[in-house]
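> I am attaching a structure below and will ask some questions about it afterwards.
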Amino acid sequence: MRILSRLAFREIATSALLGVVLFSFVFFLQRLGRGEFFALLLRSSAPPDTLAYLLALLVPPTLPFTVPVAVLVGILIGLSRMSSDNEITAMRAAGIPARVLLRPVLLFAFLGLAVAAAGSLWLTPWSIRETIRISNQLAATQLTSEIQPRVFEESFPNAILYVGDVIAGPVTRWRRVFMADLRPPEQRTSSARESGEAPPVTISEEAIATADPGNNRIQLSMKNGYTHEMGREPGEDYNSAFPTGEQILEARKPAGIRVAAFSELDTLPLYQRVGQLPPAQATEARLELHQRFALPWACVLLGLVGLPLGVSTRKAGKSSAFVLTVVLAFVYWIGLISLIGLARQGTIPVPLAVWTPNAVFAITAVILMILLERPGDFDVVGKVRRQFQSIGRRIQTLPEAPSGLRGRAWTWPQVVDTYILNTFLFYFAILLASFVLMVEVFTFFELLSDIVKNQIPMFRVLTYLLFLAPKLLYDSAPLAVLVAVLVTFGILTKNNEVTAFKACGVSMYRLALPVLIAATFMSGAL
399 MRILSRLAFR EIATSALLGV VLFSFVFFLQ RLGRGEFFAL LLRSSAPPDT
449 LAYLLALLVP PTLPFTVPVA VLVGILIGLS RMSSDNEITA MRAAGIPARV
499 LLRPVLLFAF LGLAVAAAGS LWLTPWSIRE TIRISNQLAA TQLTSEIQPR
549 VFEESFPNAI LYVGDVIAGP VTRWRRVFMA DLRPPEQRTS SARESGEAPP
599 VTISEEAIAT ADPGNNRIQL SMKNGYTHEM GREPGEDYNS AFPTGEQILE
649 ARKPAGIRVA AFSELDTLPL YQRVGQLPPA QATEARLELH QRFALPWACV
699 LLGLVGLPLG VSTRKAGKSS AFVLTVVLAF VYWIGLISLI GLARQGTIPV
749 PLAVWTPNAV FAITAVILMI LLERPGDFDV VGKVRRQFQS IGRRIQTLPE
799 APSGLRGRAW TWPQVVDTYI LNTFLFYFAI LLASFVLMVE VFTFFELLSD
849 IVKNQIPMFR VLTYLLFLAP KLLYDSAPLA VLVAVLVTFG ILTKNNEVTA
899 FKACGVSMYR LALPVLIAAT FMSGAL
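When you line the sequence shown up against this note's numbering, it's residues 399 to 924, in that order.
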């Protein structure tokens, strides 16, 4: 690999690695925050290595979504940085065409394709099966932890249980136990001459509860108890006391973790089952199968589109890279979601619905690559950005401060405040929109099988995603603020603007003031 190719590859890889870590972390938090999964982790008494393994299994299903976006953001940021530093101009002045950058871009895009394909075709089904297996095992071992003190527990199929106090520990101990046997008289062992219809009642001062997940029951070792059983006729009641006794409490089968249909099947068995399913299930299986192959190719297609756009953004820099990432990813996913909705209604074939966004981006990439080497100004993003800046300058009509207040340090906002706030709010908005849109898309694909199975109208699905957005905004805003602060002050430091401010007598505390005030207002808004 040549020096220029290594330089471009290193620029792309650094930004893409940070992108995939950040986006995967957002998905990880969203999946971890789900009620049943998080509650299972809190209740579980499994060793730390099992819990860490279960948490690690949350990452593979996010790779088909995060890796293509990370490849795109890496290419756009890396090439935009080279373009804004005039390295692309110097390269062209030396007689080197921009097409030379296609080699490192394709190499990195195909590496992303390999990672995304491994996650889509192999790791995701395997991780789903492992998650189901371990989660069901943990749920089965938590039979005794579900019992709450001083509550009549009616979830058992053949008994009603009341426990006065629960003492947790390596051995679960119950005190003041009351249990009524609800089985029919012919199914229970009776000590009375003729058992009545009323359920026998067992009361114990203390009991040691041991879970038996293999048989889905709880073994009770009771102390200082007695049993009362009513006979069929008055006076035929039977009472017995016991210092120790054994009792078996049958539990309901745990519900386990629900997943989308066909998502836990490996790719080859899924392909073999497609032709054996009825039409409704076959459509859902084909959607799952084609998505596993189509989503990884988004790495290459988004990368090819990002190459000419990244090279052309000479003055816009990293900010335009973030904007382009959000716009292109949003267009790709929205197009895919819309076409999948048409496919599940039977309007268009499944292969056409899933592969059309890839075909559109491939054609767009070819057109942009042809226009890349044409003479003239190709900085489309820069033109659009300059238009918005000119509109903003016409709208911004701040009155001039009175002469008596000019130069005083406590006047606010000043030019430096506006400068820092504009940068901070811009990156905050872009990052927040990126996090929310990616989670919305990921949620749609997770619910796709239920949507197809229950024939939910697309309007209802979009309404659900719309009302899910406030929660996603609430969850993602703190992380977006953190990353926006890091990016804002990182850019100031890289451009030596912090050094210039300090040389003019402006401290870091003063530079942080507008961001602190903006974050305070955001906290109030949340």
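From the three backbone atoms N, C-alpha and C, an ideal C-beta is built for every residue, glycine too.
Would you call the stretch 891 to 903 and the stretch 857 to 875 in contact, with 3 or more CB pairs under 8 Å?
Counting Cβ pairs under 8 Å, fewer than three are found: no touch.
> Measure the alpha-carbon distance for P597 versus N622 and round it to whole angstroms.
The count along the sequence shown starts at 1 and reaches residue 597 at position 199. The count along the sequence shown starts at 1 and reaches residue 622 at position 224. Each residue's Cα considered, the two are about 20 Å apart.
> Exposed or buried, which one is N894 when buried takes at least 16 other CB atoms within 10 Å?
Along the sequence shown, one-based indexing puts residue 894 at 496. N894 comes out exposed.
> For L519 and F463, I'd like the C-alpha separation in whole angstroms.
Here residue 519 refers to the residue found at position 121 of the sequence shown. Here residue 463 refers to the residue found at position 65 of the sequence shown. C-alpha separation (whole angstroms): 13 Å.
> In whole angstroms, what separates the C-alpha of S710 from that of P667?
Along the sequence shown, one-based indexing puts residue 710 at 312. Along the sequence shown, one-based indexing puts residue 667 at 269. Spanning the two alpha carbons is a distance of roughly 45 Å.
> Since A514 contacts P466 with CB under 8 Å, what's their CB separation in whole angstroms?
On the sequence shown, residue 514 is found 116 positions in, with the first residue counted as 1. On the sequence shown, residue 466 is found 68 positions in, with the first residue counted as 1. Rounded, the Cβ-Cβ distance is 6 Å, consistent with contact.
> Hey, V469 and A507 are a contact pair by Cβ (cut 8 Å); roughly how many whole angstroms apart?
Here residue 469 corresponds to residue number 71 of the sequence shown, with the count starting at 1. Here residue 507 corresponds to residue number 109 of the sequence shown, with the count starting at 1. About 6 Å; that satisfies the 8 Å criterion.
> Residue range of the alpha helix (DSSP H) that Q670 falls in?
Translated into positions along the sequence shown, residue 670 becomes position 272. Counting along the chain, the alpha helix (DSSP H) containing Q670 begins and ends at 665 to 672.
> Cβ of V424 within 8 Å of Cβ of M836?
Stepping through the sequence shown from its first residue, residue 424 is reached at position 26. Stepping through the sequence shown from its first residue, residue 836 is reached at position 438. Against a cut-off of 8 Å, the Cβ pair of M836 and V424 comes out as a contact.
> Could you spell out the range, first to last residue, of the beta strand (DSSP E) harbouring V549?
Locating residue 549 in the sequence shown gives position 151, where the first residue counts as 1. No beta strand (DSSP E) holds V549; DSSP gives it neither H nor E.
> Give the range of the beta strand (DSSP E) segment to which S619 is assigned.
One-based indexing of the sequence shown puts residue 619 at position 221. Here the beta strand (DSSP E) through S619 covers 615 to 627.
> Tell me whether the stretch 473 to 482 and the stretch 403 to 412 touch, counting them as touching only if at least three CB pairs, one residue from each stretch, are closer than 8 Å.
At 8 Å Cβ cutoff, the stretches touch.
> L740 to T681, Cα distance in whole Å?
By one-based count along the sequence shown, residue 740 stands at place 342. By one-based count along the sequence shown, residue 681 stands at place 283. Roughly 12 Å between the two C-alpha positions.
> With DSSP collapsed to three states, give me the class of E648.
Along the sequence shown, read from residue 1 onward, the residue named residue 648 stands at position 250. Correct three-state label for E648: strand.
> For W572, decide whether its Cβ has a neighbour in chain C, counting only Cβ atoms nearer than 8 Å.
The structure shown has no chain C; it contains just one protein chain.
> With C-beta atoms as the reference, is I889 less than 8 Å away from T816?
The sequence position of residue 889 within the sequence shown is 491, counting from 1. The sequence position of residue 816 within the sequence shown is 418, counting from 1. In this structure, T816 does not lie closer than 8 Å to I889 by Cβ.
> Take the Cβ of M906 as the centre, count every other Cβ of all protein chains shown within 10 Å, and call the residue buried at 16 or more, exposed below.
The residue labelled residue 906 in the question sits at position 508 within the sequence shown. Burial call: exposed.
> Taking contact to mean at least 3 C-beta pairs separated by less than 8 Å, is the stretch 601 to 613 in contact with the stretch 567 to 583?
With a cut-off of 8 Å, the stretch 567 to 583 and the stretch 601 to 613 count as touching, because enough Cβ pairs lie within range.
> Kindly indicate which three-state DSSP category F660 falls into: helix, strand or coil?
Locating residue 660 in the sequence shown gives position 262, counting from the first residue. Coil at F660, not helix or strand.
> Going by other Cβ atoms of all chains shown within 10 Å of its Cβ, with 16 needed for buried, is A491 buried or exposed?
Counting from one through the sequence shown, the residue named residue 491 turns up at place 93. Exposed is the call here.
> State buried or exposed for T625, treating a residue as buried only when at least 16 other CB atoms are found within 10 Å of its CB.
In the sequence shown, residue 625 corresponds to position 227, counting from 1. Classification for T625: buried.
> Hey, would you say F826 sits closer than 8 Å to V879, going by beta carbons?
Numbered from 1 along the sequence shown, position 428 holds the residue referred to as residue 826. Numbered from 1 along the sequence shown, position 481 holds the residue referred to as residue 879. Their beta carbons are under 8 Å apart, which means F826 touches V879 by this criterion.
> In terms of residue numbering, what span does the beta strand (DSSP E) encompassing T886 cover?
One-based indexing of the sequence shown puts residue 886 at position 488. Here T886 belongs to no beta strand (DSSP E); instead the alpha helix (DSSP H) covers 856 to 892.
> Below 8 Å on the Cβ atoms is my guess for Q689 versus V752; work out the distance and round it to an integer in Å.
Residue mapping note: residue 689 aligns to position 291 of the sequence shown, counting from 1. Residue mapping note: residue 752 aligns to position 354 of the sequence shown, counting from 1. The Cβ separation is near 6 Å, so the contact holds.
> Let me check understanding here. Comparing Cα to Cα, which of T754, A557, D579, I545 lies closest to A566?
Locating residue 566 in the sequence shown gives position 168, counting from the first residue. Among T754, A557, D579, I545, the Cα nearest to that of A566 is on I545.
> I'd like the ranges of any beta strand (DSSP E) spanning at least 3 consecutive residues and lying wholly in the stretch 554 to 579.
Qualifying beta strand (DSSP E) stretches, in chain order: 557 to 565, 570 to 579.
> Whole angstroms are fine: how far does the CA of R400 sit from the CA of L500?
One-based indexing of the sequence shown puts residue 500 at position 102. One-based indexing of the sequence shown puts residue 400 at position 2. Answer to the nearest angstrom: the Cα atoms are 13 Å apart.
> Any chance you could list the alpha helix (DSSP H) runs of at least 4 consecutive residues sitting entirely within the stretch 698 to 757, in chain order?
As far as the stretch 698 to 757 is concerned, its whole alpha helix (DSSP H) runs of at least 4 residues are 716 to 742.
> Go through its chain and collect everything with a Cβ distance to R571's Cβ below 7 Å, but skip five positions before and after it.
The residue labelled residue 571 in the question sits at position 173 within the sequence shown. I565, E604, I606, listed in sequence order.
> Less than 7 Å between C-beta atoms, sequence neighbours within five positions excluded: which residues of the same chain meet that for V418?
Position 20 of the sequence shown, counted from the first residue, corresponds to residue 418. The answer, listed in chain order, is T464, V465, A468.
> Are S874 and F840 close, meaning C-beta to C-beta below 8 Å?
Against the sequence shown, residue 874 aligns to sequence position 476. Against the sequence shown, residue 840 aligns to sequence position 442. No, Cβ-Cβ distance for S874 and F840 is not below 8 Å.
> Assuming L647 contacts L618 (C-beta within less than 8 Å), just tell me the rounded distance between them.
On the sequence shown, residue 647 is found 249 positions in, with the first residue counted as 1. On the sequence shown, residue 618 is found 220 positions in, with the first residue counted as 1. So it is a contact: roughly 6 Å between Cβ atoms.
> Just the Cα atoms here: how many angstroms apart are L700 and I854?
Here residue 700 refers to the residue found at position 302 when the sequence shown is read from its first residue. Here residue 854 refers to the residue found at position 456 when the sequence shown is read from its first residue. Their Cα atoms are separated by approximately 31 Å.
> Look up A605 in the DSSP assignment and say whether it is helix, strand or coil.
As a working note, residue 605 is residue 207 in the sequence shown. It is a strand residue.
> Fully enclosed by the stretch 428 to 514, which alpha helix (DSSP H) runs are 4 residues long or longer?
For the stretch 428 to 514, whole alpha helix (DSSP H) runs of length 4 or above, ordered along the chain, are 433 to 441, 446 to 454, 461 to 482, 485 to 491.
> Quick one: what does DSSP say V960 is sitting in, helix, strand or coil?
As shown, the chain starts at 399 and ends at 924. That puts residue 960 outside it, with no answer to give.
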